[in-house]
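K.L.:
Sharing a structure below in structure tokens format, with a few things to ask.
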Amino acid sequence: MPLRIAVLLSGSGTTLQNLIDRIEKGQLGGVEVTAVVSSKPSAFGLERARRHGIPGHAVDRRAYRDAHAFNNALHRVLEGCNPDLLVLAGFLSMLELRERYVGRAMNIHPALIPAFSGKGFYGERVHKAVLDYGVRLTGVTVHFLDEEYDTGPIILQETVPVLDDDTPETLARRVQEKERELFPRAIQLFADGRLRIEGRRVRILPTEP
Ligand code: GAR
């Protein structure tokens, strides 16, 4: 039985598209995107889901008075999808894990956590902060979720050099290229049962001989 993935997003969904493409090319095996859930009804990610015959659901964050009420609605939708893994792909709201998804939800962040991360650090804002600070290296982090922003156990990280003439756009492009390799790799490790959380650390188990 393939691993059932629900992708949560709020925007254009290029991360979702990459996962769909990899699955269709057989580069990400034993997994299926069975649902896409957006916190914005206008997100283009929902259109991408529709084009690939994946059920899409909008749970509009602005329709709920607070994060808890929003999460109640979101979890009702997720329950109906019965996913094995939640994949946050540019999901800009706070997700409450609610026990069932502890160790079963991952996020991608376009920087080297714990730098340039936490509430308010998303998308282009991250790359602008990286350039403003003047660091020479940034990168990509895939991590399990916990109850805070960007603080859960780290699965994979890779660096991306910052070049002298980078703008937020050029840097974002190179970071996103790295994202497109790293997220499928982390999901494949999960699907193959090779990730074990030990406190704050994630051990990557060797492949079976
Ligand atoms: C991705 O670059 C992802 O790393 C980032 O949002 C983008 C989503 O793009 N996520 C965060 O910044 C989370 N803090 P997409 O909507 O085209 O997939």
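Numbers 8 to 216, taken from the working numbering, label the letters of the sequence shown in order. Every residue gets a Cβ at the ideal spot worked out from N, C-alpha and C, and that includes glycine.
Does the beta carbon of P175 fall short of 7 Å from some heavy atom of ligand 1?
P.N.:
no
K.L.:
Flag A56 as yes when its Cβ comes closer than 7 Å to any non-hydrogen atom of ligand 1, and as no otherwise.
P.N.:
Checking every heavy atom of ligand 1 against the Cβ of A56, none is found closer than 7 Å.
K.L.:
Closer than 7 Å by C-beta to G52: which residues in its own chain qualify, once you throw out the five before and the five after it? Chain order, please.
P.N.:
Excluding positions up to five away in sequence, the list reads L16, G18, S19, G20, L23, V43 and S45.
K.L.:
Would you mind reading off the limits of the alpha helix (DSSP H) that contains L53?
P.N.:
F51 to R58
K.L.:
Using the Cα positions of L196 and D139, report the straight-line distance between them to the nearest angstrom.
P.N.:
35 Å
K.L.:
Let's see if you can read the secondary structure: which residues bound the alpha helix (DSSP H) around N25?
P.N.:
T21 to E31
K.L.:
Can you tell me whether G87 is buried or exposed? The criterion is at least 16 other CB atoms within 10 Å of its CB, across all chains shown.
P.N.:
exposed
K.L.:
Just the C-alpha distance for G206 and L93, rounded to the nearest angstrom, thanks.
P.N.:
20 Å
K.L.:
Roughly how many whole angstroms lie between the Cα atoms of I12 and P216?
P.N.:
Taking the straight line from one Cα to the other gives about 27 Å.
K.L.:
Determine the closest residue to E103 out of A112, G97 and E31, with distance taken between C-alpha atoms.
P.N.:
A112
K.L.:
Between L144, V84 and L152, which has its C-alpha nearest D171's C-alpha?
P.N.:
L144
K.L.:
Rounded to whole angstroms, how far is the Cβ of F190 from the Cβ of V149, which I believe are closer than 8 Å?
P.N.:
6 Å
K.L.:
I'd like to know whether the C-beta atoms of V133 and F123 end up nearer to each other than 8 Å.
P.N.:
In this structure, V133 lies near F123, with their beta-carbon atoms less than 8 Å apart.
K.L.:
Secondary structure at L35, three-state DSSP: helix, strand or coil?
P.N.:
coil
K.L.:
Can you tell me which of the three DSSP states I120 falls into?
P.N.:
In the structure shown, I120 sits in coil (DSSP, three-state: anything other than H, G, I, E or B).
K.L.:
Please report the Cβ distance between A198 and V38, rounded to the nearest whole angstrom; I am assuming they are in contact, meaning their Cβ atoms lie under 8 Å.
P.N.:
Going by Cβ atoms, the distance from A198 to V38 rounds to 5 Å, so yes, they are a contact pair.
K.L.:
Looking at H64 and ligand 3, is the gap between the Cβ and the nearest heavy atom below 7 Å?
P.N.:
This structure simply doesn't include ligand 3; it includes ligand 1 instead.
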